[in-house]
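Asker: Before I ask anything, let me first share the structure, which is written out below as structure tokens.
In full-length UniProt numbering, the protein residues as written are 1 to 393.
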């Protein structure tokens, strides 16, 4: 079976590219992985107990959209965290992590044409690669908009030509952003939703890092949309327990929007997706209802942010972010820096260009590396000192 032509230009995923770059070379020291955003803080202590109590659920087909208990727990969290009241039966669907939702919502909600032309899907650049693949899957034109230091590491969608905005069907936004850790302010989100109302497109807000922050508490696009009285179908938000609760292997998250959007997403799930197993839904409901473990994990990240600021003190552009758990460190060339670190220290980092797309001869990630701060504090500190001495010493 031949791959459709539109997939022929998809770049190789970031981590296979990294293996191709580094694996033919011996590490120059103790191997330390600072590439993937896989949280390594302790997961909530009650997970195993709840799983065991509900183990018989593996013998039953689970509810496709999520159990009443789980949807109610998510709705309760949205109200406590963002002050947003939603109907758990019509406005929420449980996900196998946000990646499933970010992909399938695009398939379910993007029209075949927009104003009689090929639709556009906007994505920040750098970006989570699923955004671009989702656009390509449904035959839309992905438009990559730089999210650089000059734009506050968030895309300036309002600066696009009117012709592009009039064809836009969906605009992805990630806040806090991956990889830079920038937080979209209320004003930024309000302007983006205004733009979406004016040009009639949907905002897909990837908020999976929203619970990892220092001082500024991230807001939700759904929260801002409700404050504005925007069309309830205008904004679709995505959340996950992977980062919030250190449960990347649970593969549990949710999507929330207006009832019309959700009905279309749910219908697609009925044919092409897989619901969360019952025991995982039971665990997820308990986890969304608990904030104590979230606060404890966030404090550990704040300590690592402060430590990173100390390690990189005096190095321009190397400050730790306000949110998320990556450092976006400036270098002359990301691939060269990654190779130097691997062959001289054994540290693996991700070249920023692997998270970006070249547009008009410029790749906004070329002069950066992404460094994950997910390991325990002492291990992270050793890695950052070795990295600093190798690249900036």
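Quick reminder that beta carbons are idealized off the backbone N, C-alpha and C, glycines included.
What residue range is occupied by the uninterrupted beta strand (DSSP E) comprising residue 203?
Answerer: Mapped onto the chain shown, residue 203 falls at position 203. Segment 202-206, the beta strand (DSSP E) holding residue 203.
Asker: Could you compute how far the alpha carbon of residue 319 sits from the alpha carbon of residue 270?
Answerer: One-based indexing of the chain shown puts residue 319 at position 319. One-based indexing of the chain shown puts residue 270 at position 270. Distance between the alpha carbons of residue 319 and residue 270: 45 Å.
Asker: Taking just the CA atoms, how far does residue 330 sit from residue 87?
Answerer: Position 87 of the chain shown, counted from the first residue, corresponds to residue 87. Position 330 of the chain shown, counted from the first residue, corresponds to residue 330. C-alpha separation (whole angstroms): 44 Å.
Asker: Buried or exposed for residue 58, going by 16 or more other Cβ atoms inside 10 Å?
Answerer: Position 58 of the chain shown holds residue 58. When all chains shown are included, residue 58 counts as exposed.
Asker: Could you check the C-alpha separation between residue 338 and residue 350 for me, to the nearest Å?
Answerer: By one-based count along the chain shown, residue 338 stands at place 338. By one-based count along the chain shown, residue 350 stands at place 350. Between residue 338 and residue 350, the C-alpha separation is close to 7 Å.
Asker: Within 10 angstroms of its Cβ, does residue 181 collect 16 or more other Cβ (buried), or is it exposed?
Answerer: As a working mapping, residue 181 is identified with position 181 in the chain shown. It is buried - the Cβ of residue 181 has at least 16 other Cβ atoms within 10 Å.
Asker: Per DSSP, what are the beta-bridge partners of residue 117 in this structure?
Answerer: Residue numbering aside, residue 117 sits at position 117 when the chain shown is read from its first letter. Per DSSP, 114.
Asker: Suppose contacts are defined by Cβ-Cβ distances below 7 Å. Is residue 289 in contact with residue 73 by that definition?
Answerer: Position 289 of the chain shown, counted from the first residue, corresponds to residue 289. Position 73 of the chain shown, counted from the first residue, corresponds to residue 73. Yes.
Asker: Counting only the same chain and skipping the five closest in sequence on each side, list residues whose C-beta sits under 6 Å from that of residue 189.
Answerer: Position 189 of the chain shown holds residue 189. Around residue 189: 221, 224.
Asker: What is the rounded straight-line gap between the Cα of residue 193 and the Cα of residue 70?
Answerer: As a position in the chain shown, residue 193 is number 193, starting the count at 1. As a position in the chain shown, residue 70 is number 70, starting the count at 1. Going from the Cα of residue 193 to the Cα of residue 70 covers about 29 Å.
Asker: Any idea what DSSP makes of residue 253, helix, strand or coil?
Answerer: For the purposes of this step, residue 253 is identified with residue 253 of the chain shown, where counting begins at 1. Here residue 253 sits in strand by DSSP.
Asker: What did DSSP end up calling residue 125 once you bin it into helix, strand or coil?
Answerer: As a working note, residue 125 is residue 125 in the chain shown. In the structure shown, residue 125 sits in a strand (DSSP, three-state: E or B).
Asker: Leaving out five residues before and five after residue 384 in sequence, what residues of the same chain have Cβ atoms less than 7 Å from its Cβ?
Answerer: Here residue 384 corresponds to residue number 384 of the chain shown, with the count starting at 1. Result list for residue 384: 308, 311, in chain order.
Asker: Since residue 144 and residue 171 are thought to touch, with beta carbons under 8 Å apart, how far apart are those beta carbons, to the nearest angstrom?
Answerer: What you label residue 144 is simply residue 144 of the chain shown in a count that begins at 1. What you label residue 171 is simply residue 171 of the chain shown in a count that begins at 1. With a Cβ gap of about 12 Å, residue 144 and residue 171 do not count as contacting.
Asker: Looking at the structure shown, is residue 385 part of a helix, part of a strand, or coil, going by DSSP?
Answerer: As a working note, residue 385 is residue 385 in the chain shown. Correct three-state label for residue 385: helix.
Asker: Could you spell out where the beta strand (DSSP E) holding residue 36 opens and where it closes?
Answerer: To locate residue 36, count along the chain shown from 1; it is residue 36. Note, residue 36: premise wrong, no beta strand (DSSP E); not H, not E.
Asker: Short of 7 Å in beta carbon distance, which residues of its chain neighbour residue 268, apart from the five on each side in sequence? Order them along the chain.
Answerer: Locating residue 268 in the chain shown gives position 268, counting from the first residue. Taken in chain order, the residues that qualify are 104, 107, 108.
Asker: Which one of 75, 92, 94 has the shortest CA to CA distance from residue 85?
Answerer: Start at 1 with the first residue of the chain shown, and residue 85 comes out as number 85. Cα-wise, what sits closest to residue 85 is 75.
Asker: Which one of 210, 185, 233 has the shortest CA to CA distance from residue 200?
Answerer: Along the chain shown, read from residue 1 onward, the residue named residue 200 stands at position 200. The option with the nearest alpha carbon to residue 200 is 233.
Asker: On the three-state DSSP scale, how would you describe residue 55?
Answerer: Locating residue 55 in the chain shown gives position 55, where the first residue counts as 1. Note: residue 55 maps to helix in three-state DSSP.
Asker: Where does residue 55 land, buried or exposed, given buried means 16+ other C-beta within 10 angstroms?
Answerer: In the chain shown, residue 55 corresponds to position 55, counting from 1. When all chains shown are included, residue 55 counts as exposed.
Asker: Buried or exposed: where does residue 281 fall if 16 or more other Cβ atoms within 10 Å of its Cβ makes it buried?
Answerer: Locating residue 281 in the chain shown gives position 281, where the first residue counts as 1. It counts as buried.
Asker: Report back the beta-carbon spacing between residue 372 and residue 92 to the nearest angstrom; my notes put them in contact at under 8 Å.
Answerer: As a position in the chain shown, residue 372 is number 372, starting the count at 1. As a position in the chain shown, residue 92 is number 92, starting the count at 1. Rounded, the Cβ-Cβ distance is 30 Å, inconsistent with contact.
Asker: DSSP on residue 293, reduced to helix/strand/coil?
Answerer: What you label residue 293 is simply residue 293 of the chain shown in a count that begins at 1. Residue state, collapsed to three classes: helix.
Asker: Going by C-alpha to C-alpha distance, which of 161, 82, 97, 95 sits closest to residue 120?
Answerer: One-based indexing of the chain shown puts residue 120 at position 120. Measuring from the Cα of residue 120, the nearest candidate turns out to be 161.
Asker: Considering only the alpha carbon of each residue, which of 354, 82, 19 lies closest to residue 226?
Answerer: Looking up residue 226 in the chain shown gives position 226. It is 82.
Asker: Excluding the five sequence neighbours on either side, which residues of its own chain have a C-beta within less than 8 Å of the C-beta of residue 241, listed in chain order?
Answerer: Residue 241 sits at position 241 when you count from the first residue of the chain shown. Here the set comprises 247, 250, 252, 253, 284, 287, 288.
Asker: Among the residues of its own chain, which have a CB less than 8 Å from the CB of residue 367, if the five just before and after it don't count?
Answerer: Translated into the one-based positions of the chain shown, residue 367 becomes position 367. The answer, listed in chain order, is 330, 331, 332, 333, 334, 352.
Asker: Check each candidate in 126, 159, 135, 157 and name the one with the smallest Cα separation from residue 113.
Answerer: Position 113 of the chain shown holds residue 113. Ranking the options by Cα distance to residue 113, first place goes to 135.
Asker: Let me know the beta strand (DSSP E) ranges lying completely inside the segment 296-366, each 3 residues or longer, listed in chain order.
Answerer: DSSP runs (the beta strand (DSSP E)) wholly in the segment 296-366: 326-330.
Asker: Thinking residue 354 and residue 17 are a contact (beta carbons under 8 Å), I'd like their distance in whole angstroms, please.
Answerer: As a first step, residue 354 is located in the chain shown; it is residue number 354 there, counting from the start. As a first step, residue 17 is located in the chain shown; it is residue number 17 there, counting from the start. With 8 Å as the limit, residue 354 and residue 17 qualify as a contact, their Cβ atoms being about 5 Å apart.
Asker: Tell me the DSSP secondary structure of residue 14 in three-state form.
Answerer: Taking the first residue of the chain shown as 1, we reach residue 14 at position 14. Helix, per DSSP.
Asker: Taking residue 275 and residue 90 to be in contact with their CB atoms under 8 Å, please state how far apart those CB atoms are, rounded to whole angstroms.
Answerer: As a working note, residue 275 is residue 275 in the chain shown. As a working note, residue 90 is residue 90 in the chain shown. Contact flag wrong, Cβ pair sits at about 17 Å.
Asker: Whole angstroms are fine: how far does the CA of residue 127 sit from the CA of residue 381?
Answerer: Here the question's residue 381 lines up with position 381 in the chain shown. Here the question's residue 127 lines up with position 127 in the chain shown. Cα-Cα distance, rounded: 27 Å.
Asker: Would you say residue 210 and residue 236 are within 7 Å of each other, going by their C-beta atoms?
Answerer: Position 210 of the chain shown holds residue 210. Position 236 of the chain shown holds residue 236. Against a cut-off of 7 Å, the Cβ pair of residue 236 and residue 210 comes out as no contact.
Asker: Which one or two residues does DSSP pair with residue 174 in a beta bridge?
Answerer: Along the chain shown, one-based indexing puts residue 174 at 174. Residue 174 pairs with 206.
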